[in-house]
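There are 2 protein chains.
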Amino acid sequence: MKVEKKLSAKDYVEKIGVSFEKEGFQPAMGRIFAYLIIADPPHKSFEEILEYLKISKSAVSTSLNYLMSRDLVEYITLPGDRKRYFKINMSGWLTLIKKKMARRSFFGEIMKEALSARSNKYKEFNDALEEQAEFLDFMHKEMKDALDKWERKKKKKG
Amino acid sequence: MKVEKKLSAKDYVEKIGVSFEKEGFQPAMGRIFAYLIIADPPHKSFEEILEYLKISKSAVSTSLNYLMSRDLVEYITLPGDRKRYFKINMSGWLTLIKKKMARRSFFGEIMKEALSARSNKYKEFNDALEEQAEFLDFMHKEMKDALDKWERKKKKKG
DNA sequence: CAATTAGTTCTGTAATTACAGAACCAAAAA
DNA sequence: TTTTTGGTTCTGTAATTACAGAACTAATTG
Chain U
393 MKVEKKLSAK DYVEKIGVSF EKEGFQPAMG RIFAYLIIAD PPHKSFEEIL EYLKISKSAV
453 STSLNYLMSR DLVEYITLPG DRKRYFKINM SGWLTLIKKK MARRSFFGEI MKEALSARSN
513 KYKEFNDALE EQAEFLDFMH KEMKDALDKW ERKKKKKG
Chain P
393 MKVEKKLSAK DYVEKIGVSF EKEGFQPAMG RIFAYLIIAD PPHKSFEEIL EYLKISKSAV
453 STSLNYLMSR DLVEYITLPG DRKRYFKINM SGWLTLIKKK MARRSFFGEI MKEALSARSN
513 KYKEFNDALE EQAEFLDFMH KEMKDALDKW ERKKKKKG
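Line by line, the protein sequences are chains U and P.
Residue numbering for the first sequence follows the working numbering, starting at 393 and increasing by one per position.
Residue numbering for the second sequence follows the working numbering, starting at 393 and increasing by one per position.
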């Protein structure tokens, strides 16, 4: 029987942060994103972020601005309060995935271009290369379909 | 009417190399991988690689070993020739995608864990977070299906 | 029109990366 | 047995990254 050990909030921040880093973001960004996932309430001020994570203003500022430019984070304001409150933009992840898809599809394109420039002396290799490009195309299409499917499902429910 | 400008081999190497870098690989790795895509014949020796790309032995060695450890590159040998000839392992890209899928699914898991630790005071946020986790799950499943579909398609044809 | 607040931007630096160059080494060839 | 080949590994470094800390600024508040 597996004992489910409850993680502390700080542990979540580390764990999520590391995963986020693996997606290619800087450490500070990962931890900010992670903090905003576990944050209760889910919106936190600039100050709260830097205090909780013990990172500098500059790191918070640049990270937040980057995350906002990528639509992964947004902010709200509260009446009678000058501060901005930062929170996760849930649609950002989807945007991110779409961008990655586009990149991969582009990679497939390039492979096809390369193919057209190759000699026909190594048919086996060329065939494999073409198959790779087709695979990328295929996956791109399938993922697009999946996204559509998801969106339809969501619309029906919501 | 679009004029299709034919790229030189070196240009392909740059273009593919950059794309590969964007997938998170080091510059040298990107260019080696790119070179192996356009290489005619598609297998090249250690020496040929370093000469063509004008990079050091150490860079070639570490890059090739890394690429091989990731199953993106493999090597063949030729009778009566001590050298190894490196070439692209076409199944590597698929492995790569599978690994990325696994990572993303893991990310979804963590989000669900975080969810279970959140208070129920911010239902809207929690719901959105849950939806995100479900979305990642959904995409993971869809991609797995797509991969199966591709494999069946390939089996039927090949 | 000060003083405070909520950040931004600049400057410097510690840590890390990505690689070159040289030393090195095991297997094969001479 | 020495020499050559086909790499690998070590050492040093230039370039880059990721951030701290301080200076700065525009809006708000007193």
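Quick reminder that beta carbons are idealized off the backbone N, C-alpha and C, glycines included.
Cβ of residue i within 7 Å of any chain U Cβ
i	result
F499/P	yes
P569/P	Residue numbering for chain P in the displayed model covers 393 to 550; residue 569/P lies beyond these limits and cannot be assessed.
I441/P	no
M460/P	no
E413/P	no
D432/P	yes
K407/P	yes
A506/P	yes
Y514/P	yes
A520/P	yes
I447/P	no
S511/P	yes
K394/P	Note on K394/P: pLDDT 49, under 50, position unreliable in the model; the coordinate value appears next. No, its Cβ sits nowhere closer than 7 Å to a Cβ of chain U.
Simplified DSSP state of residue i, which is helix, strand or coil
i	result
K513/U	coil
D415/P	Before going on, a small fix: residue 415/P reads as Glu here, not Asp. E415/P: coil per DSSP, three-state reduction.
R462/P	coil
I447/P	coil
K394/P	Interpretation of K394/P is limited by its pLDDT of 49, a score under 50 that renders its predicted location unreliable; the figure taken from the coordinates is listed afterwards. K394/P falls in the coil class under three-state DSSP.
7 Å Cβ cutoff, residue i in contact with chain P
i	result
I424/U	no
M362/U	For chain U, the structure presents residues 393 to 550; residue 362/U sits outside this window and is missing.
A538/U	yes
I468/U	no
E534/U	yes
S455/U	no
Y477/U	no
Y444/U	no
Y404/U	yes
F530/U	yes
F517/U	yes
With 16 other Cβ atoms within 10 Å as the buried cut-off, status of residue i
i	result
I468/U	exposed
S461/U	exposed
K533/U	exposed
N457/U	exposed
G409/P	buried
G416/P	exposed
V422/U	Here residue 422/U is Gly; the residue named in the question, Val, does not match the sequence. By the 10 Å Cβ count, G422/U comes out buried.
R496/P	buried
S411/U	buried
Short Cβ contact (7 Å threshold) for residue i with residue j
i	j	result
K479/U	L428/U	yes
A525/U	G500/U	yes
Y514/U	P434/P	yes
S455/U	A494/U	no
S437/U	K475/U	yes
S508/U	D432/P	no
I447/U	A401/U	no
L459/P	V452/P	no
T487/P	D463/P	yes
F530/P	W542/U	yes
A506/U	Y444/P	no
- Message: Restricting to runs no shorter than 4 residues, where is the alpha helix (DSSP H) found entirely within the region 416-441 of chain U?
- Response: Runs of the alpha helix (DSSP H) inside the region 416-441 of chain U: 419-430.
- Task: Report the residue ranges of all alpha helix (DSSP H) runs contained in full by the region 478-547 of chain P; include only those spanning at least 4 residues, in chain order.
- Result: Fully enclosed alpha helix (DSSP H) runs of 4 or longer: 484-509.
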